[in-house]
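Protein chains in written order, with this note's numbering: chain A, 1 to 169; chain B, 1 to 436.
A virtual CB, placed ideally from N, CA and C, is assigned to each residue, including glycine.
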Ligand SMILES: Cc1cc2nc3c(=O)[nH]c(=O)nc-3n(C[C@H](O)[C@H](O)[C@H](O)COP(=O)(O)O)c2cc1C
Ligand code: SF4
Ligand code: FES
């Protein structure tokens, strides 16, 4: 049914969603993953994303928005193509987490929750990423870079700038 | 990719397949994979639960509840389907052990989920990973698909007539979703706000059905227990604390990493021998023994066995096993501020003592840190934290109050130094609070 209708998602994402709503005891269990995968596809959760997901699951748009606002990874505005997340929580803080954040700010010329003018990078200070023993760490989209030194971090960011960075989807 | 470390004092039960390529199902099978679950099918639920009880395994998610007992609480007869839920939300600062299990031994999680399912009479398990763990989710998803392809999952598994399915799930960023009932809400497609207990999940859990929820490490340990026998597993650990555990040692040590040590292993030795001692030959100032919510220990308090009971007796907790080591250069006020900022950010806002309490604690510590604090702020912090304890719907309130109390009680002088202008912050406050 959904497949014949127009969708705002890529064919892969649409196919994934068709399946996702069938694998749980209740359809609504697909909501949180769908929001995240939709964001991966479209870049952020737009009004159109909310509308289509609400329809696919059979709940109201308000239900969707209510859930969406709870989860910190979900966003209603676009970010950079490469979203650089720096952990400054305790284990990272003890091993130059703030210096890592500062280096990103300087190198990218942007602050927390800002995006570069060319739309390539955005930056966010985040909570513990579950990589504490290999601090300091940044996550670019879904890829982790751990045990960073200033040189390693420079290279990571340069690689993304030049289109050589890893991209786990 | 996180690097693996090793130390001769380690007892590798859970981590013995790390670095061996066991995410590949063939390799896993070569290394005794899926033998435990076949024994479990043959011998039945009573045997599984007896072995789990004998093992003395206590939940690795933080609270240390005996796993065999938890499984035995699930009613045998139930009108509603029963579920197994694996908690891989891993978000307690200082904790990164489940990360390695998903990366190196995803089939152990799958096999453990099946064993838990057999023990309680469930046909469906969920493996929930935090949203940031996308690359790990892909590894787990591949492992699940491979297990289906071999006929280990689905209908008539191993040709025994037993059915069992596993669904993987991603979160989307929220520490609070690691709390068991909040996790169920999230899996039902809702905000991660916890449920009032009782009823407990073993009776009314996911979709209203009886549910066993365990940490990913707890679940991955189950196959090893069945393979080596509950009693043999128990013997490796200390009294009432069976087996081994993945301890994360982070912060100011020479060799940070995740090490598998017997329960009851000496904390001082863990830091100085296993972790290689304090980085740069500096002096030790404090240790947070089990993730950011566990009260701090002073250097003179660390000659202690790492198990739930011994740390409890010392006024702290074993928690998630994330040992965070602080050297003499750390400002405790700054560290306390970073800790409370986290809990303030993560409070779901449902109950007032937690929502308002974390906010005021952050403001008060922040003011002291910025140099504008007064002596009575220190007393206020204690008063606030003491009054949050035990007055919230879920343990996040305690998780915020307990470490804060520890810092002001054990390092009061430092807070006073900030108030009296003898100590000053080096990083501007905005840097810490700006994110949240
Ligand atoms: C705020 C909060 C966050 C939690 N986060 C986690 C988590 O990330 N992973 C986890 O396994 N348990 C977490 N827990 C503990 C769970 O509620 C639950 O006790 C645990 O998953 C049970 O498994 P276990 O018996 O195997 O330890 C958290 C608890 C609270 C209160
Ligand atoms: S203690 Fe905090 S996180 Fe837990 S229910 Fe209350 S407000 Fe939410
Ligand atoms: S504290 Fe930074 S990854 Fe855990």
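query = Are residue 365 of chain B and residue 381 of chain B closer than 8 Å when you measure CB to CB?
reply = Yes, the Cβ-Cβ distance between residue 365 of chain B and residue 381 of chain B is below 8 Å.
ask   = Name the DSSP beta bridge partners of residue 60 of chain B, please?
value = In the DSSP output, where bridge partners are listed per residue, residue 60 of chain B has none listed.
key: Of the residues B/166, B/19, B/332 and B/198, the one placed nearest residue 116 of chain B, counting alpha carbons only   = Out of B/166, B/19, B/332 and B/198, B/166 has the C-alpha closest to the C-alpha of residue 116 of chain B.
query = Does DSSP put residue 21 of chain A in a helix, a strand or coil?
reply = Coil, per DSSP.
inquiry  = Can you determine whether any heavy atom of ligand 3 sits closer than 7 Å to the C-beta of residue 128 of chain A, and answer yes or no?
reply    = Taking non-hydrogen atoms of ligand 3 into account, the C-beta of residue 128 of chain A is found less than 7 Å away from one of them.
key: DSSP three-state assignment for residue 433 of chain B, whether helix, strand or coil   = Because the pLDDT at residue 433 of chain B is just 47, under 50, the model does not fix this residue reliably, and the point stays unresolved.
task = For residue 365 of chain B, decide whether its Cβ has a neighbour in chain A, counting only Cβ atoms nearer than 8 Å.
result = No, because no Cβ of chain A sits closer than 8 Å to the Cβ of residue 365 of chain B.
request  = Report yes or no: is there a C-beta of chain B within less than 8 Å of the C-beta of residue 8 of chain A?
outcome  = False, the Cβ-Cβ gap to chain B never drops below 8 Å.
task = Using the Cα positions of residue 90 of chain A and residue 11 of chain A, report the straight-line distance between them to the nearest angstrom.
result = Residue 90 of chain A and residue 11 of chain A: Cα-Cα distance of roughly 42 Å.
inquiry  = In the DSSP output, which residue or residues are listed as bridge partners for residue 86 of chain A?
reply    = The partner list for residue 86 of chain A (beta bridge, DSSP) reads A/125 and A/138.
ask   = Expressed to the nearest angstrom, what Euclidean distance is found between the alpha-carbon atoms of residue 49 of chain A and residue 32 of chain A?
value = Distance between the alpha carbons of residue 49 of chain A and residue 32 of chain A: 13 Å.
request  = Compute the beta-carbon to beta-carbon distance between residue 354 of chain B and residue 392 of chain B, rounded to the nearest angstrom, for a pair I have assumed lies under 8 Å.
outcome  = That belief holds up - the Cβ atoms of residue 354 of chain B and residue 392 of chain B are roughly 5 Å apart, short of 8 Å.
ask   = Name the residues in the stretch 399 to 412 of chain B whose C-beta lies less than 9 Å from a C-beta of chain C; which are they?
value = Absent from the structure is chain C; the protein chains it does hold are A and B.
query = Any C-beta of chain B sitting closer than 8 Å to the C-beta of residue 130 of chain A?
reply = Chain B has a Cβ within less than 8 Å of the Cβ of residue 130 of chain A.
task = Could you check how far apart the C-beta atoms of residue 36 of chain B and residue 227 of chain B are, in whole angstroms? I think they sit under 8 Å.
result = About 5 Å separates the two Cβ atoms, so the contact holds.
key: Minimum C-alpha distance to residue 252 of chain B - residue among B/275, B/118 and B/204   = Of B/275, B/118 and B/204, the residue nearest in Cα terms is B/275.
ask   = With contact counted as at least three CB pairs below 8 Å, one residue from each stretch, are the stretch 57 to 72 of chain B and the stretch 134 to 153 of chain B in contact?
value = No: fewer than three Cβ pairs fall under 8 Å.
key: Contacts that residue 190 of chain B makes with chain A (C-beta to C-beta distance below 7 Å)   = Below the 7 Å Cβ cutoff, chain A contributes 67 as neighbours of residue 190 of chain B, in chain order.
request  = Put residue 37 of chain A into one of helix, strand or coil per three-state DSSP.
outcome  = In the structure shown, residue 37 of chain A sits in a helix (DSSP, three-state: H, G or I).
query = Mapping DSSP to helix, strand and coil, what is residue 167 of chain A?
reply = Three-state DSSP puts residue 167 of chain A in coil, outside helix and strand.
query = Counting only beta-carbon atoms, is residue 320 of chain B nearer than 8 Å to chain A?
reply = No - not a single Cβ of chain A is within 8 Å of the one on residue 320 of chain B.
ask   = How about residue 447 of chain B: is its Cβ closer than 7 Å to a heavy atom in ligand 3?
value = Past the boundaries of the shown model lies residue 447 of chain B; chain B is included only from 1 to 436, so the question cannot be answered.
ask   = Which residues share a DSSP beta bridge with residue 440 of chain B?
value = Outside the modelled stretch of chain B, which goes from 1 to 436, sits residue 440 of chain B, for which no answer is possible.
ask   = Would you report the Cα separation of residue 445 of chain B and residue 97 of chain A, rounded to the nearest angstrom?
value = Chain B is shown from 1 up to 436; residue 445 of chain B falls before or after that span and cannot be answered.
inquiry  = Residues of the stretch 53 to 80 of chain A in Cβ contact with chain B at a cutoff of 7 Å, in chain order, please.
reply    = The residues in question are 66, 67, 70, 71, 72, 73 and 74.
query = Mind checking residue 162 of chain A: buried by the 16 CB within 10 Å criterion, or exposed?
reply = Exposed, by the Cβ-count rule.
task = Check whether the Cβ of residue 84 of chain A lies closer than 8 Å to any Cβ atom in chain B.
result = It does not; no Cβ of chain B falls within 8 Å.
ask   = Expressed to the nearest angstrom, what Euclidean distance is found between the alpha-carbon atoms of residue 17 of chain A and residue 322 of chain B?
value = Distance between the alpha carbons of residue 17 of chain A and residue 322 of chain B: 37 Å.
inquiry  = Let me check understanding here. Comparing Cα to Cα, which of A/127, A/27 and A/141 lies closest to residue 343 of chain B?
reply    = It is A/127.
request  = Would you mind giving the Cβ-Cβ distance between residue 403 of chain B and residue 295 of chain B, rounded to the nearest angstrom? I have them listed as a contact below 8 Å.
outcome  = That pair is a contact at about 6 Å.
task = Return the Cβ separation of residue 237 of chain B and residue 263 of chain B in integer angstroms, given the expectation that the two are a contact with Cβ distance under 8 Å.
result = Rounded, the Cβ-Cβ distance is 3 Å, consistent with contact.
query = Start and end of the alpha helix (DSSP H) containing residue 54 of chain A?
reply = Start and end: 47 to 57.
ask   = Just how far apart, CA to CA, sit residue 7 of chain A and residue 52 of chain A?
value = The C-alpha of residue 7 of chain A lies about 7 Å from the C-alpha of residue 52 of chain A.
Residue 89 of chain A: CB within 7 Å of a non-hydrogen atom of ligand 5 = This structure lacks ligand 5; the ligands present are ligand 1, ligand 2 and ligand 3.
request  = Tell whether a beta-carbon distance below 8 Å holds between residue 133 of chain A and residue 250 of chain B.
outcome  = Pairing residue 133 of chain A with residue 250 of chain B gives a Cβ-Cβ distance under 8 Å.
Backbone CA spacing between residue 26 of chain A and residue 188 of chain B [nearest angstrom] = The alpha-carbon of residue 26 of chain A is positioned some 8 Å away from that of residue 188 of chain B.
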